[in-house]
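K.L.:
Be aware that the sequence shown starts at 1, since it is given in the UniProt record's numbering, and climbs by one per residue.
Take a look at this one; I'll ask things after.
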Amino acid sequence: MPALVLLGAQWGDEGKGKATDLLGGSVDYVVRYQGGNNAGHTVVVGDQKYALHLLPSGILSPGCTPVIGNGVVVDPAVLLSELSGLNERGVDTSKLLISGNAHLITPYNITVDKVTERFLGKRKIGTTGRGIGPTYADKINRVGIRVQDLYDESILHQKVEAALDVKNQLLTKLYNRRAIEAGQVVEELLGYAEQIKGYVADTTLILNNALDDDKVVLFEGGQGTLLDIDHGTYPFVTSSNPTAGGACTGAGVGPTKISRVIGILKAYTTRVGAGPFPTELFDKDGEALRTIGGERGVTTGRDRRCGWFDAVIARYATRVNGLTDFFLTKLDVLTGWEQIPVCVAYEIDGKRVEELPYSQTDFHHAKPVYEMLPGWSEDITKAKSFSDLPKNAQAYVKALEEMSGAPISAIGVGPGRDETIEINSFLS
Ligand code: GDP
Ligand code: IMO
Ligand code: MG
1 MPALVLLGAQ WGDEGKGKAT DLLGGSVDYV VRYQGGNNAG HTVVVGDQKY ALHLLPSGIL
61 SPGCTPVIGN GVVVDPAVLL SELSGLNERG VDTSKLLISG NAHLITPYNI TVDKVTERFL
121 GKRKIGTTGR GIGPTYADKI NRVGIRVQDL YDESILHQKV EAALDVKNQL LTKLYNRRAI
181 EAGQVVEELL GYAEQIKGYV ADTTLILNNA LDDDKVVLFE GGQGTLLDID HGTYPFVTSS
241 NPTAGGACTG AGVGPTKISR VIGILKAYTT RVGAGPFPTE LFDKDGEALR TIGGERGVTT
301 GRDRRCGWFD AVIARYATRV NGLTDFFLTK LDVLTGWEQI PVCVAYEIDG KRVEELPYSQ
361 TDFHHAKPVY EMLPGWSEDI TKAKSFSDLP KNAQAYVKAL EEMSGAPISA IGVGPGRDET
421 IEINSFLS
């Protein structure tokens, strides 16, 4: 059993944390390959609830080694506070490995994220304000600071100065802010160096050796397919590649090693931040999904925008990720509706369209074409097998599977680890 990728099939918050945690007990490594602490992954274990932002959800499984890959952007202050928060709750975090090639989110990246959003005004992206975009921009501009730079003070100083050269011009002359002093940034970063040192490793080598030894490696995506910088609803996206290919570049593992790609798919749709969302609801159904589903951001506390299931998006996720399976989450939230609308296609300027349009203009005009599926009223949270589900819930799942292009191999009927119906094992 080589490597598996688990990723968001919609706009994030599909339940990746729960799904990863569920598999964490059976895999050897769980690897974050992109994003940073813009993610908010909720894991419920018994009566304990954990909100993970930067750390892989496998950190809660004692036998599993959590890895932060080279493609992740790491805010060292957040890393240390997340680790100490878990340690205080009795979680052993000593196995964590962090790639020396991962880029650091510096205080000036956070400042630039916030001032850029303010400057964009009503055209803003609605970022999480965690410095994600500016840190990836520095990486691509070749002025980024990497974890390994913490261990060479002279290089660190030179690199921070180089990064601040242009930024200080922008901050002072365009944004009317005070310049940031390189020495102060270096001092702050050096303050984290020793505390992080024990975790830093050549994670690419370790993961490839592990795969050669037939260990099971699970790649845990942050965000989701439609937030991907290349394949998402650009520019209303995050600045990394949550799609399956990102696991290869973000961890240094070749595509030939990946045998399974699991898309986490909510039984309805949510989105945080700005950008198009064809099935968004502005009525009492939207409010009900938000309330029953607890749809409030784990990272920013913002209310999530809610809407019906969109099969066009699910099909697109199957295509751009090469999905082998879906894990359908939050089916329990839909209990109680007499009829459940599902978007099967779009109408764009009078024409029916079955596939996600590549044109941003077309997508902004897309109106959902709904098919009505019969609902159910029975409590499904105790269901342990597919046949325990009411007939209409079974039919809803089968209809979604048919429309989405990959088998639904597991169904979430509640937030807890055991509130899951397994149909096909992900690990066979
Ligand atoms: P992630 O970012 O993809 O890990 O998802 P979040 O943690 O941001 O949001 C998913 C929310 O749904 C969390 O509060 C989970 O505890 C919860 N959740 C996950 N799966 C299920 C499910 O099957 N049913 C219900 N009711 N809640 C779920
Ligand atoms: P998880 O991993 C939902 C959204 C932000 C914003 C856009 C860009 O919990 O699914 P960024 O700060 O990344 O530059 O913001 O992306 N966004 C998320 N939405 N879930 C997430 O993570 C998200 N991470 C970023 O709301 O619209
Ligand atoms: Mg989340």
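Glycine is no exception: its CB is placed at the ideal position from the N, C-alpha and C atoms.
(1) Can you tell me where the alpha helix (DSSP H) with Gly-293 in it begins and where it stops?
(2) Which residues does DSSP pair with Leu-97 in a beta bridge?
(3) Evaluate contact between the region 403-411 and the region 360-370, counting only Cβ atoms and requiring at least three cross-stretch pairs below 8 Å.
(4) Does the region 331-338 come close enough to the region 238-248 to have 3 or more Cβ pairs within less than 8 Å?
(5) Would you kindly report the start and end of the unbroken beta strand (DSSP E) that includes Gln-48?
(6) What are the boundary residues of the beta strand (DSSP E) that includes Tyr-29?
(7) Measuring only the C-alpha atoms, how far is Thr-203 from Asp-349?
(8) Is there at least one non-hydrogen atom of the ligand GDP closer than 7 Å to the beta-carbon of Val-333?
(9) In angstroms, rounded to a whole number, what distance separates the CA positions of Gln-158 and Val-185?
(10) Taking buried to mean at least 16 other C-beta atoms within 10 Å of its own C-beta, is Leu-174 buried or exposed?
(11) Does the ligand MG have even one heavy atom less than 7 Å from the beta-carbon of Arg-293?
(12) Just mark Asn-209 as buried or exposed, buried being the case when its beta carbon has 16 or more other beta carbons within 10 Å.
(13) When DSSP labels each residue in this structure, what does Arg-142 get in the three-state scheme?
(14) Can the beta-carbon of Arg-304 be found closer than 8 Å to that of Arg-271?
(15) Residues bridged to Arg-260 by DSSP?
(16) Using the three-state DSSP reduction, which class does Leu-265 fall into: helix, strand or coil?
(17) Just to check, is the beta-carbon of Trp-11 closer than 7 Å to a non-hydrogen atom of the ligand IMO?
P.N.:
Reading from the atomic positions:
(1) Its alpha helix (DSSP H) spans residues 284-293.
(2) Val-67
(3) no
(4) no
(5) 48-52
(6) Per DSSP, the continuous beta strand (DSSP E) segment holding Tyr-29 begins and ends at 29-32.
(7) 49 Å
(8) yes
(9) Their Cα atoms are separated by approximately 12 Å.
(10) By the Cβ neighbour-count rule, Leu-174 is exposed, with fewer than 16 other Cβ atoms within 10 Å of its own.
(11) Sequence inspection shows Gly at residue 293; the Arg mentioned does not correspond to that position. No, the beta carbon of Gly-293 sits no closer than 7 Å to any heavy atom of the ligand MG.
(12) exposed
(13) coil
(14) yes
(15) Leu-4
(16) strand
(17) yes
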